[in-house]
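Participant: Under numbering that gives the first Met the number 0, the first residue of the sequence shown is numbered 0, with each subsequent residue one higher.
Ideal placement from N, C-alpha and C gives every residue a C-beta, glycine not left out.
Note that the coordinates shown come from a computational prediction; the quantities given were computed from them, not determined experimentally.
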Amino acid sequence: MAAARLLLLRSGRPEPLSFSQSVCGLLGARPGPTHCGLKRGQLVLSDRPFPGASARLPLQRPPFCPFAALDQQPGAPGAELPTNRGVDLGVAVILQSSDQTVLLTRRTRTLNVSPNLWVPPGGHVELDEESAYPPRLSWGLPRYHHIVLYLLVISQESQQQLQARIQPNPGEVSAFMWLGPDVAAAVAASEDGTETPRHLPQDLPPSVPAVELGEDGGARPLALPTSTLLRTTPAVADSQERVSTGTKFALRLWLQHLGSVTPLSRGSGAPSDPGPAKEEQNVDPLPPGPGI
């Protein structure tokens, strides 16, 4: 079993978590910020301050989190869950251009985990909400369990300049796009698991420009229907194209960040709060969130 990348500080000492444990549940599943710190490549979380904690980040899970559902079922089939690994750690980057758009990529439909989802670019540390796949217990027992750490990277280059240097892997990415604040706000408002749908703006564009990648590496313009980005996680398993729950969480935090930055400092390349990455002045940590 690989060394644990995620530790929870309990009883004064950090402990690795088993696959079936809900991180949010152990921390009280409360919306308040969680204390965290990096130690030798490991992310340490606690509901209380501790030596070495460098930031307080919101930790959240969707209402339909399968690990929360398993906690509420005394006879849950725990023996059928993976026993050879714990909770993994993933990192996703919210890349903001100088013209205040952010980059999203669409995972290919052939991937085993979260196919056809729109997410920020990112990956695993080893192999800003708690993440599981499948995302709902009604889809089947979870096979993957992550905490996803979202990082906001503010660039002084425009989306055209950045796009000229982007080289997505066609084996993992089938399309990408740059999302502006207006559409991002509508996407973030289409929150998964809510009882009643939110009222969305009526003046949204019918489609959003994107770039679709072919298996040969070629690219072509794509007019992606805005309605595709507003879909929520269905109750039954499918690979329908949509924005992941964690991405919506990260977009809400990004919009809050934009609202907290004065017009004079916008586009300067310096975030309002560099947080724990003090030596990287263009990196601002967004909290862990759901990657599903």
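Under 7 Å between the Cβ atoms of P120 and V92?
Facilitator: Closer than 7 Å, so yes.
Participant: What separation, rounded to the nearest whole angstrom, lies between the Cα atoms of V124 and Q71?
Facilitator: Caution is warranted here: a pLDDT of 48 is assigned to V124, below 50, making its placement in the model unreliable, and the coordinate value is therefore given only provisionally. Distance between the alpha carbons of V124 and Q71 is about 30 Å.
Participant: In angstroms with no decimal places, state the Cα-to-Cα distance between Q68 and L136.
Facilitator: Residue identity differs from the one stated: residue 68 is Ala in this sequence, not Gln. Each residue's Cα considered, the two are about 7 Å apart.
Participant: Between L44, G24, G36, R39, which lies nearest to R9 when the distance is taken from Cα to Cα?
Facilitator: It is L44.
Participant: For Q239, tell me which candidate among G216, W117, W253 has the shortest Cα-Cα distance.
Facilitator: Per the Cα distances, W117.
Participant: Which ranges would you report for the alpha helix (DSSP H) in the segment 175-263 if only whole runs of at least 4 residues count?
Facilitator: Runs found: 180-188, 225-228, 244-259.
Participant: Evaluate the contact criterion for the segment 80-98 versus the segment 141-149: three or more CB pairs, one atom per stretch, below 8 Å.
Facilitator: Yes, since at least three Cβ pairs between the segment 80-98 and the segment 141-149 fall closer than 8 Å, the two stretches touch.
Participant: Name the two residues that bound the continuous alpha helix (DSSP H) containing V22.
Facilitator: It spans 22-25 - the alpha helix (DSSP H) in which V22 sits, taken as one unbroken run.
Participant: Spell out the partners DSSP gives A91 in its beta bridges.
Facilitator: Answer is G121, Y149, bridged to A91.
Participant: Looking only at C-alpha atoms, which of L25, S96, A234, G40 sits nearest to A163?
Facilitator: Minimum Cα distance to A163 is reached at S96.
Participant: Which residues bound the beta strand (DSSP E) around P167?
Facilitator: Neither: P167 is in no beta strand (DSSP E) and is coded neither H nor E.
Participant: I need the DSSP call for S137, collapsed to helix, strand or coil.
Facilitator: DSSP places S137 in helix when its eight states are reduced to three.
Participant: Can you grab the Cα-Cα spacing for the pair R39 / S53, in whole Å?
Facilitator: Looking at the two C-alpha atoms, the distance is approximately 14 Å.
Participant: On the CB-based measure, 16 or more other CB atoms within 10 Å of its CB, does L263 come out buried or exposed?
Facilitator: For L263, the predicted model reports a pLDDT of 35, less than 50, meaning its position is unreliable and no value from the coordinates is stated.
Participant: Would you decide whether T82 is buried or exposed? Buried here means 16 or more other CB atoms lie within 10 Å of its CB.
Facilitator: Looking at its Cβ environment, which holds fewer than 16 other Cβ atoms inside 10 Å, T82 is exposed.
Participant: Under 7 Å, do F63 and S21 count as touching if we go by C-beta distance?
Facilitator: Taking 7 Å as the Cβ cut-off, F63 and S21 do not qualify as a contacting pair.
Participant: Measure the Cβ-Cβ separation of A249 and Y149 and say whether it is below 7 Å.
Facilitator: The answer is yes: Cβ separation under 7 Å.
Participant: Use the C-beta contact count for R60: other C-beta atoms within 10 angstroms, 16 or more gives buried, fewer gives exposed.
Facilitator: Label assigned to R60: buried.
Participant: State whether the segment 221-237 contacts the segment 251-258, with contact taken as three or more CB pairs (one from each stretch) at a distance under 8 Å.
Facilitator: Counting Cβ pairs under 8 Å, fewer than three are found: no touch.
Participant: Cutting at 8 Å between CB atoms, please list the residues of its own chain near P204, excluding the five before and the five after it.
Facilitator: Same-chain partners within the cutoff: V182, T225.
Participant: By how many angstroms is the C-alpha of V207 removed from the C-alpha of Q201?
Facilitator: Approximately 15 Å between the Cα atoms of the pair.
Participant: Note down, in chain order, each residue of its chain lying with its Cβ closer than 6 Å to the Cβ of T246, except the 5 sequence neighbours on either side.
Facilitator: Excluding sequence neighbours, T246 sits near V118.
Participant: Are there 16 or more other CB atoms within 10 angstroms of the CB of G51, so buried, or fewer, so exposed?
Facilitator: G51 is exposed by the Cβ-count criterion.
Participant: State the Cα-Cα distance for the pair P57 and R106, rounded to the nearest angstrom.
Facilitator: Straight-line Cα distance between these residues: approximately 26 Å.
Participant: L16 to L80, Cα distance in whole Å?
Facilitator: Each residue's alpha carbon lies about 14 Å from the other.
Participant: Between G24 and D46, how many whole angstroms is the CB-CB distance? I'm expecting something under 8 Å.
Facilitator: The pair is not a contact, with the Cβ atoms about 12 Å apart (cut-off 8 Å).
Participant: Per DSSP, what kind of secondary structure is A269 in: helix, strand or coil?
Facilitator: No answer about A269 holds up, because its pLDDT of 34 lies below 50 and its placement is not dependable.
Participant: Please report how far the alpha carbon of Q99 lies from the alpha carbon of V186, in whole angstroms.
Facilitator: Using only the alpha carbons, I get a separation of about 16 Å.
Participant: Which residue comes first and which comes last in the beta strand (DSSP E) that contains A52?
Facilitator: No beta strand (DSSP E) contains A52, which DSSP labels as neither H nor E.
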